[in-house]
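Letter by letter, the sequence shown follows residues 441 to 552 of my numbering.
The beta-carbon is built from N, C-alpha and C at its ideal position, and this holds for glycine as well.
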Amino acid sequence: MIKTKHLYALLCVLGIALPYSQFIPWLIENGLNIPGLINEITASRIAAFGWLDVIVSVVVLFVLIFTEGRRRDIRHLWLPIVGTCLVGVSLGLPLYLLLRENARAPYLETQD
């Protein structure tokens, strides 16, 4: 059976690969066209719905990272923040969960 931390690591890889599989071709085709990006993000109500959902998810994730991460004394909390800013929640959340799992590992080993 796959260990939880390995699953989170795999989800980090997918969290980078899947979004960038769509963004990189768009970037190659359009360049760093910020107005064009904003235009496509808001092109329809359903697109705006998706992006507003993402923005709320980012805020919730940051609150989780800062509150639970500090309370549990998880190290390197800046990593999921940077990952979220560079890729999105699809990287930031599994990366935070991986850090949390790694912080729990010494405690779990002493309980066996």
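Cβ neighbours of residue i in the same chain (closer than 8 Å, five flanking residues each side left out)
i, result
"Ile481", "Ala487, Ala488 and Trp491"
Proximity of residue i and residue j at Cβ, strictly below 7 Å
i, j, result
"Arg540", "Ile505", "no"
"Gly528", "Pro465", "no"
"Leu535", "Leu519", "yes"
Coil, strand or helix - residue i by DSSP
i, result
"His446", "helix"
"Asn473", "coil"
"Arg451", "Per the sequence shown, residue 451 should be read as Leu rather than Arg. Here Leu451 sits in helix by DSSP."
"Arg511", "helix"
Residue i versus residue j: straight-line alpha-carbon distance, rounded
i, j, result
"Asn542", "Lys445", "7 Å"
"Leu533", "Leu451", "9 Å"
"Ala449", "Gly455", "10 Å"
"Val496", "Gln462", "21 Å"
"Leu526", "Met441", "31 Å"
Residue closest to residue i, alpha-carbon to alpha-carbon, out of the options
i, options, result
"Ala457", "Leu531, His516, Asn470 and Ser484", "Leu531"
"Val503", "Asn473, Thr524 and Leu447", "Thr524"
Sequence-distant residues of its chain with Cβ nearer than 7 Å to residue i (five each side left out)
i, result
"Gly476", "Asn470"
"Lys443", "none"
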